[in-house]
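Residue numbers (UniProt numbering), protein chains in the order written: chain A, 1 to 253; chain B, 1 to 253. We put the CB at the ideal spot given by N, CA and C, even for glycine. Written out below as structure tokens is the structure these notes cover.
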């Protein structure tokens, strides 16, 4: 796999973290996206350049493997590279390492180019793709689909009206908020004593300002060493996002 | 005014901003608090040291004057100093300047030490105060009280259940979320075309996880050059926070 690799460091400060003294998943998503934005700027294909073509990059799926979440006060190294693409899809990898170089989080993701007017995905544009040096392939790695929640699985839910500050500079809901809605629905007591080990999230439709997002969760498996949860987010009964998560127990600080 | 001055730089990235391409007020509050935390660490009286005394710093009021909000992509300089104190109150000033050194935001604030067990304020502790070199005075500057919303002023309101990720590492609601609840209640169209010029916020009681915050706003004055809004936040009908804000029109990007 080719693709230019980009790395940068980030000091994790108090507002990056949660009660477990670890960086929160929503903030780590912000930071991964920041690394890819900074790489794009460096290669001359930042947001401004991309929008000249009437399009924007949109993530359709993340699959994260989490060895450990970084601690607040530590400095992490964020790395990313566009590894492969076909006519419509890009595959981008991310990793987060601690100060000693130990891998804390690895993520694979799929991105598409969405037309700003039609709000539909289109063919990738060579001028916006070539600078990353990613491999052209017939089929990009198929990330596993998120299993559907079946009707007989009773879910717990909360509703989240989209807020003004959930929108980024382009008026889209910032990706990290999906993770906030996804996780907040779980009891605080659970979130204080567990961290995710694997997180697979598929975005189906764009959540927008004015929407009321219903976030649902069901625990599908619980053993001594692992707990699994299945998630979905709907707007007016229509599925916008699905996710599955595996958890391990940690001792709270 | 004495008090050791502390400064640090911060690059404003995409998730620090909102649709106006300016840094959002909630994020600027995060950054001001970060500067004061970094100063405290440098002086050997960081959060860990303070908590050894069974207490924590709590802000009771901010008064901000905003010349302009910094743009996303720019680097700002954050400065802070503890300027004065009496037996119970500390006065701390903050400023944010752009790369050319122009002042964008000036804030004055009052802090107290809250006992972790009793959740009540107590006398300031010399060991935690002396390192800042602030002046001991009889009376600290009285920041203006926020005018009360009267019963005949019809307000617009939204409700905000406190979320898990609203809590900081100590389990307190991070200050910046008060500003999110305060501002989000205004229409998106208004927030996209106006920026605050003055913001006065008084914290009366601690909002906690499990609370449903009702954020109310009323427009009290509107001329060609200035709009004023009055705000309050209640939990079960009890006032937890009050604020007033002045606004000017800006051209949206």
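Those residues which DSSP pairs with residue i across a bridge
| i | result |
| --- | --- |
| residue 214 (chain B) | B:159, B:234 |
| residue 170 (chain A) | Answer is none; residue 170 (chain A) lacks a bridge partner. |
| residue 121 (chain A) | A:114 |
| residue 182 (chain B) | In the DSSP output, where bridge partners are listed per residue, residue 182 (chain B) has none listed. |
| residue 68 (chain A) | BP columns for residue 68 (chain A) are empty, so no partner. |
| residue 136 (chain A) | A:85 |
| residue 222 (chain A) | A:227 |
| residue 142 (chain A) | Paired residues: none, contrary to the question. |
| residue 164 (chain B) | DSSP, once it has assigned bridges, lists no residue as partnering residue 164 (chain B). |
| residue 150 (chain B) | DSSP, once it has assigned bridges, lists no residue as partnering residue 150 (chain B). |
| residue 188 (chain B) | Answer by DSSP bridge pairing: none, since residue 188 (chain B) is not bridged. |
| residue 200 (chain B) | B:63, B:244 |
| residue 195 (chain B) | B:248 |
| residue 239 (chain B) | B:234 |
Min CB distance residue i to chain B below 8 Å
| i | result |
| --- | --- |
| residue 230 (chain A) | no |
| residue 240 (chain A) | no |
| residue 143 (chain A) | no |
Interface flag, residue i vs chain A, CB-CB below 8 Å
| i | result |
| --- | --- |
| residue 209 (chain B) | yes |
| residue 180 (chain B) | yes |
| residue 184 (chain B) | yes |
Cβ of residue i within 8 Å of any chain E Cβ
| i | result |
| --- | --- |
| residue 245 (chain B) | Structure shown: chain E not included; protein chains present are A and B. |
Quiz item: In the UniProt domain "Acyl-ACP thioesterase N-terminal hotdog" (3–132) of chain B, which residues sit with their C-beta less than 7 Å from some C-beta in chain A, listed in chain order?
Solution: 13, 14, 15, 17, 18, 19, 21, 24, 26, 30, 34, 37, 72
Quiz item: According to a CB-to-CB cut-off of less than 7 Å, which residues of the segment 156–175 of chain A neighbour chain B?
Solution: 163, 164, 165, 167, 168, 169, 171, 174
Quiz item: If you pair each beta-carbon of the segment 195–214 of chain B with each one of the segment 148–167 of chain B, do three or more pairs fall below 8 Å?
Solution: yes
Quiz item: According to a CB-to-CB cut-off of less than 7 Å, which residues of the segment 188–205 of chain A neighbour chain B?
Solution: 188, 191
Quiz item: Can at least three beta-carbon pairs, one atom from the segment 136–148 of chain A and one from the segment 82–92 of chain A, be found at a separation below 8 Å?
Solution: yes
Self-check item: Segment contact, 8 Å Cβ cut-off, at least three pairs: the segment 113–121 of chain B with the segment 35–49 of chain B
Solution: no
Quiz item: Taking one C-beta from the segment 96–105 of chain B and one from the segment 146–153 of chain B each time, how about it: are there three or more such pairs within less than 8 Å?
Solution: no
Exercise. Could you tell me which uninterrupted beta strand (DSSP E) segments, each at least 3 residues in length, are contained entirely in the UniProt domain "Acyl-ACP thioesterase N-terminal hotdog" (3–132) of chain A, listed from first to last along the chain?
Key: 6–11, 55–66, 75–85, 90–97, 103–115
Exercise. Spell out a yes or no on whether the segment 64–80 of chain B and the segment 47–56 of chain B are touching, meaning 3 or more CB-CB pairs, one atom from each, closer than 8 Å.
Key: no
Exercise. Please determine if the segment 235–248 of chain B and the segment 187–205 of chain B are in contact, where contact requires at least 3 C-beta pairs separated by less than 8 Å.
Key: yes
Quiz item: For the 8 Å Cβ check, are there 3 or more pairs between the segment 63–70 of chain B and the segment 14–26 of chain B?
Solution: yes
Exercise. May I ask you to verify whether the segment 163–171 of chain A touches the segment 173–185 of chain B, counting CB pairs closer than 8 Å and requiring at least 3?
Key: yes
Quiz prompt | Three CB pairs or more closer than 8 Å across the segment 2–14 of chain A and the segment 125–135 of chain A | solution = yes
Exercise. Evaluate contact between the segment 87–96 of chain B and the segment 11–19 of chain B, counting only Cβ atoms and requiring at least three cross-stretch pairs below 8 Å.
Key: no
Quiz prompt | Given 8 Å, three or more beta-carbon pairs between the segment 27–40 of chain B and the segment 173–181 of chain B | solution = yes
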